[in-house]
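Below you'll find the structure, written out as structure tokens, and then a few comments.
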Amino acid sequence: MAVTGVFARRATLRRSVRLLSSFRREQGDPPRFYGPLAADTVDLVSDLWRGAHGEPPVGRRVLDVGGGPGYFAAAFTEAGLHYVGVEPDANEMHAAGPVVAREAGTFVRASGLALPFADNSVDICLSSNVAEHVPRPWVLGGEMLRVTRPGGLAVLSYTVWLGPFGGHEMGVSHYLGGERAAARYARKHGRPAKNNYGSSLFAVSAADGLDWAASTGALVAAFPRYHPKWAWWLTGVPMLREFLVSNLVLVLQPR
1 MAVTGVFARR ATLRRSVRLL SSFRREQGDP PRFYGPLAAD TVDLVSDLWR
51 GAHGEPPVGR RVLDVGGGPG YFAAAFTEAG LHYVGVEPDA NEMHAAGPVV
101 AREAGTFVRA SGLALPFADN SVDICLSSNV AEHVPRPWVL GGEMLRVTRP
151 GGLAVLSYTV WLGPFGGHEM GVSHYLGGER AAARYARKHG RPAKNNYGSS
201 LFAVSAADGL DWAASTGALV AAFPRYHPKW AWWLTGVPML REFLVSNLVL
251 VLQPR
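For the sequence shown, UniProt numbering gives the first residue as 1, with consecutive numbering after it.
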């Protein structure tokens, strides 16, 4: 069975609509955005593990690179995985306040570009919507592969710059150029965007991710994260994928 075989059955249009409808709440009501996203991410990772190994990942250690305030921690812990979250920003780690139960999982303050973990030390390494926020995304990817044991899974999902959500809260003005979009947002709101182009948001293409993943020799699957299965073919079409894939998932299995 292909690694995506189990998850493909879950990738329906209904799921896509449900997730996309929650995106508008990301900054105004984070729990209502991150709660469903966390549950879906656990399903995604669990299904990929089942596809690769034929069994659920219960008891496995998952390292979440860029885990932020830990909304994913409870969801992974409830699913029976040992969760470790990594986040470099102390303010971001505590952004959820009392909403997140800190007893779920372990949290480490560190950079995804230099993970303080031994080689081959985790079963699953996840990075959800982080690569577009670091200046060297494939260094991040390399670190994820380094710490993932042979036979494990590294799952790197990121927002494609030219997709409709590439500008994050700056909206579709990013099609005018990242610097213009950042300046336009600052003029309108009187402050820089949280996801500010050039400092906390960078232009990452689908092609760059696919090229990097192929170069590792560990790529086993690539697909649009929020699309139904019948739209996964978009990943294989140059240029079109930059605008329509929106969020690309790279699944790698170290040998």
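C-beta: ideal position from N, C-alpha, C; glycine also.
As an exercise, report each continuous beta strand (DSSP E) stretch of at least 3 residues that is fully enclosed by the region 165-239, in chain order. 219-224
Would you mind giving the Cβ-Cβ distance between Val-134 and Gly-112, rounded to the nearest angstrom? I have them listed as a contact below 8 Å. Taking the first residue of the sequence shown as position 1, residue 134 is located at position 134. Taking the first residue of the sequence shown as position 1, residue 112 is located at position 112. Rounded, the Cβ-Cβ distance is 7 Å, consistent with contact.
Compare the Cα-Cα distances from Glu-87 to each of Thr-4, Leu-145, Leu-126, Thr-77 and report the closest residue. Taking the first residue of the sequence shown as 1, we reach residue 87 at position 87. Closest by alpha carbon: Leu-126.
Given this structure, state the Cα-to-Cα distance separating Ala-2 from Ala-231, to the nearest angstrom. Your numbering for residue 2 matches position 2 in the sequence shown. Your numbering for residue 231 matches position 231 in the sequence shown. Cα-Cα distance, rounded: 17 Å.
Sequence-distant residues of its chain with Cβ nearer than 6 Å to Ala-39 (five each side left out): Here residue 39 is taken as the residue at index 39 of the sequence shown, counted from 1. Contacts found: Ala-75.
Please state the DSSP three-state secondary structure of Arg-61. Here residue 61 refers to the residue found at position 61 of the sequence shown. In the structure shown, Arg-61 sits in a strand (DSSP, three-state: E or B).
What separation, rounded to the nearest whole angstrom, lies between the Cα atoms of Arg-149 and Val-62? In the sequence shown, counting from the first residue as 1, residue 149 sits at position 149. In the sequence shown, counting from the first residue as 1, residue 62 sits at position 62. Cα to Cα, the separation comes out at about 11 Å.
Could you give the distance in angstroms between the alpha-carbon of Asp-47 and the alpha-carbon of Thr-4? Sequence index remark: in the sequence shown, residue 47 carries index 47 (1-based). Sequence index remark: in the sequence shown, residue 4 carries index 4 (1-based). Computed Cα separation, rounded: 7 Å.
Secondary structure of Val-122, DSSP reduced to three states: Your numbering for residue 122 matches position 122 in the sequence shown. If DSSP states are grouped into helix, strand and coil, Val-122 belongs with the strands.
Which residues share a DSSP beta bridge with His-82? Position 82 of the sequence shown, counting from 1, holds the residue named residue 82. Arg-61.
Closer than 8 Å is the cut-off here; do at least three beta carbon pairs connect the region 151-166 with the region 227-243? yes
Through-space distance from Glu-132 to Ala-182, alpha-carbon basis: Stepping through the sequence shown from its first residue, residue 182 is reached at position 182. Stepping through the sequence shown from its first residue, residue 132 is reached at position 132. So the alpha carbons of these two residues sit roughly 15 Å apart.
For residue 265, which of Phe-72, Pro-224, Thr-77, Ala-73 has the nearest alpha-carbon? Outside the modelled stretch of the chain, which goes from 1 to 255, sits residue 265, for which no answer is possible.
So is Ser-128 buried or exposed if we call it buried at 16+ other beta carbons inside 10 Å? Along the sequence shown, read from residue 1 onward, the residue named residue 128 stands at position 128. Buried, since its Cβ has 16 or more Cβ neighbours within 10 Å.
Could you round the C-beta distance between Gly-105 and Tyr-83 to whole angstroms and report it? I think they count as a contact, below 8 Å. On the sequence shown, position 105 is the one that residue 105 refers to. On the sequence shown, position 83 is the one that residue 83 refers to. Indeed they touch by this definition, with Cβ atoms about 3 Å apart.
According to DSSP, Asn-247 sits in a beta bridge with which residue or residues? Counting from one through the sequence shown, the residue named residue 247 turns up at place 247. According to DSSP, Asn-247 bridges with Thr-159.
Option nearest Leu-201 by Cα separation, candidates Pro-36, Gly-177, Ala-214: By 1-based counting over the sequence shown, the position of residue 201 is 201. The shortest C-alpha separation from Leu-201 is found at Gly-177.
Local conformation of Leu-252 per DSSP, three classes: Your numbering for residue 252 matches position 252 in the sequence shown. In the structure shown, Leu-252 sits in a strand (DSSP, three-state: E or B).
Count the other CB atoms within 10 Å of the CB of His-168; is the residue buried (16 or more) or exposed (fewer)? Locating residue 168 in the sequence shown gives position 168, counting from the first residue. His-168 should be labelled buried.
Simplified DSSP state of Pro-150, which is helix, strand or coil: Numbered from its first residue, the sequence shown carries residue 150 at position 150. Pro-150: strand per DSSP, three-state reduction.
Which of helix, strand or coil does DSSP assign to Thr-77? Mapped onto the sequence shown, residue 77 falls at position 77. In this structure, Thr-77 counts as helix in the three-state DSSP scheme.
For Leu-115, which residues of its own chain have a beta-carbon under 6 Å away from its beta-carbon, when the five flanking residues on both sides are left out? In the sequence shown, residue 115 corresponds to position 115, counting from 1. Excluding residues within five positions, the ones whose Cβ falls inside 6 Å are Glu-143, Val-147.
On the DSSP letters alone, give me the boundaries of the beta strand (DSSP E) that Val-6 sits inside. As a working note, residue 6 is residue 6 in the sequence shown. Run containing Val-6: none in the beta strand (DSSP E); it sits in the alpha helix (DSSP H), 5-10.
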